[in-house]
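Undergrad: The working numbering applies: residue 316 is where the sequence shown begins, and numbers increase by one. Encoded as structure tokens, here's the structure I'll be asking about.
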Amino acid sequence: MSQAPLLADAQSSQERLLVIYTGGTIGMQPQANGLSPAGDFPERLARALSQLPLRDQQMLPAYDVISYSPLIDSSAATPMTWQQLAADIAERFTEHRGFVVIHGTDTLSWTAASLAYQLQGLDRPVVLTGAMAPLEAPNSDALQNLYGALRFATHPELQEVAIYFANRLLRGTRAIKQHSEAVEAFSSPSYPLLGERIGDDFILFPSRGLSYQQRGAPRFELVDYQPVANGEVVRITLWPGIAPWQLEAWLSHPNVKGALLQLWGAGNLPDNPALLEVIAKATGEGKLIAAISQCPQGRVHMGAYAAGHGLTDAGVLSGDDMTPEAAYTKLVHMLAQPISLEDQRRRFLTTLVGER
Ligand code: ASP
């Protein structure tokens, strides 16, 4: 573990943050075959923070750092990565006032959503961040993202999993990566910002947060994701001309336990009864199947059009306006639990952490 340059020794661990570094562009350095995750992060982080203006440095909380091994490009993350992070936070939960997870941007919103389900009832901040350019690259967004994440992670009224990126604080279960290059890489299409950096101020909008809406007591659900970590939950986005045999190839596979369908618009699929038959057969076999829209905004209303009418009868659960990340990780979370199919279905339809 390493320490922040300022205030480091002044505080007990309950007053300190825990920074967990998992990899991602933010910590990458050029290697022969391209950018790869690089180590020595605690030292590099301390060095970078010491370049902030003195008044910003004085606002920094003390922190400890854990670096994962191996460090990964987040495209390699799996449900086991989500499980590991949740377990590490839960284990140290009472020892730190807040947590910052440093993560690659490619699957950052997936990890954030999964952590939210595993760490329900949080009474302190868990803030994920990353960057579009490495910490040491010229004009990188890394330092400002790190600084903002550290600042928001000290905010006692932030009591949920959030993403801080490019001056904005987003609900973890509501965020998507919307741009592959721009610094404003994340958006929250169906929920307002939880907070914002305006000038030197880090402003939280508490009425939008879970602390006001539904936190209750911490009720972590740390379940073993291993049985659903190897492709047991599939994600199928419809395309014009999709054929029943193609859907069947996924859904009837014995390894598949659940599926997220991304339908057209408000919840439509091609007018072909054989498609619905394939889906009904899978739900009849006890598979957990949910549907959201391919549109990044708006909700599904299954049955609003004749074209989507049979979905509810086929046993498909409405994912409402959930992001693909939130819906998929929720299916994983439900299927990993030793509860009945009926409870899995009921809990999927229930808002657990402001995700729908
Ligand atoms: N491929 C990188 C990752 O997700 C991209 C990034 O961090 O921006 O780890």
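Heads up, the beta-carbon is just placed ideally off N, CA and C, and yes, glycines get one too.
Report the three-state DSSP secondary structure of S351 (helix, strand or coil).
TA: In this structure, S351 counts as strand in the three-state DSSP scheme.
Undergrad: Can you check DSSP and say which residues form a bridge with R550?
TA: Answer is L575, bridged to R550.
Undergrad: Near L590, which residues of its chain fall below 8 angstroms by C-beta distance, leaving aside the five closest residues on each side in sequence?
TA: The residues are I557, P559, L562 and L584.
Undergrad: If you count every other CB in all the chains shown that lies within 10 Å of the CB of T409, and 16 or more means buried, which is it?
TA: By the neighbour-count rule (16 or more Cβ atoms within 10 Å), T409 is not buried but exposed.
Undergrad: Can you tell which of I551, V571 and F535 has the C-alpha that lies nearest to the C-alpha of E640?
TA: If we check each option's Cα against that of E640, I551 comes out closest.
Undergrad: Need the endpoints of the beta strand (DSSP E) that L386 sits in, please.
TA: Its beta strand (DSSP E) spans residues Y378 to I387.
Undergrad: Hey, could you find the ends of the beta strand (DSSP E) V416 is sitting in?
TA: Run containing V416: G413 to I417, per the beta strand (DSSP E) assignment.
Undergrad: Note down, one range per segment and in chain order, each alpha helix (DSSP H) of at least 4 residues found wholly within the segment 470-544.
TA: Entirely contained in the segment 470-544, the alpha helix (DSSP H) runs reaching 4 residues are, in chain order, 525-528.
Undergrad: Just verifying my parser: in three-state terms, what is the DSSP assignment at A361?
TA: Correct three-state label for A361: helix.
Undergrad: Please specify which runs of the alpha helix (DSSP H), each continuous and at least 4 residues long, are wholly inside the segment 587-656, giving them in chain order.
TA: For the segment 587-656, whole alpha helix (DSSP H) runs of length 4 or above, ordered along the chain, are 588-599, 625-628 and 639-650.
Undergrad: Any heavy atom of ligand 1 inside 6 angstroms of the beta-carbon of G349?
TA: Flag unset: Cβ of G349 not near ligand 1.
Undergrad: Please name the residue in Q612, A544 and L578 whose C-alpha comes closest to that of L650.
TA: Nearest option by C-alpha distance: A544.
Undergrad: Under the criterion of a Cβ to heavy atom distance below 6 angstroms, does D456 qualify as lining ligand 1?
TA: Checking every heavy atom of ligand 1 against the Cβ of D456, none is found closer than 6 angstroms.
Undergrad: If you draw a straight line from the alpha carbon of L350 to that of L508, how long is it in whole angstroms?
TA: The alpha-carbon atoms of L350 and L508 are separated by roughly 31 angstroms.
Undergrad: Hey, could you find the ends of the beta strand (DSSP E) I335 is sitting in?
TA: From DSSP, the beta strand (DSSP E) with I335 extends over L332 to G338.
Undergrad: Which of the three DSSP states, helix, strand or coil, is assigned to T393?
TA: Coil.
Undergrad: Bridge partners of L443, per DSSP?
TA: The partner list for L443 (beta bridge, DSSP) reads V416 and I478.
Undergrad: Any heavy atom of ligand 1 closer than 6 angstroms to the CB of G339?
TA: Indeed, a heavy atom of ligand 1 lies less than 6 angstroms from the Cβ.
Undergrad: Buried or exposed for W554, please, with buried defined as at least 16 other CB atoms from any protein chain shown within 10 angstroms of its CB.
TA: With fewer than 16 other Cβ atoms within 10 Å, it is exposed.
Undergrad: Whose CA, out of A347, R661 and V380, lies closest to the CA of A361?
TA: It is V380 whose Cα lies nearest to the Cα of A361.
Undergrad: Given 8 angstroms as the limit, is there contact between the segment 505-523 and the segment 623-630, that is, 3 or more CB pairs closer than that?
TA: Judged by Cβ distances under 8 angstroms, the segment 505-523 makes no contact with the segment 623-630, as fewer than three pairs qualify.
Undergrad: From L333, Q474 and Q344, pick the residue whose C-alpha is nearest to that of G669; which is it?
TA: When only C-alpha atoms are compared, the closest one is Q474.
Undergrad: Ligand 1 and S389: does the residue's C-beta get closer than 6 angstroms to at least one heavy atom of that ligand?
TA: Yes, the beta carbon of S389 sits closer than 6 angstroms to at least one heavy atom of ligand 1.
Undergrad: Identify which residue in P504, P449 and W425 has its Cα closest to the Cα of V476.
TA: Closest option to V476, Cα to Cα, is W425.
Undergrad: Can you look up N570 in the DSSP assignment and give me helix, strand or coil?
TA: Three-state DSSP puts N570 in coil, outside helix and strand.
Undergrad: Less than 7 angstroms between C-beta atoms, sequence neighbours within five positions excluded: which residues of the same chain meet that for P533?
TA: Counting only Cβ-Cβ distances below 7 angstroms, and skipping sequence neighbours, we find G436, L437 and D438.
Undergrad: Flag G630 as yes when its Cβ comes closer than 6 angstroms to any non-hydrogen atom of ligand 1, and as no otherwise.
TA: G630 Cβ: outside cutoff for every heavy atom of ligand 1.
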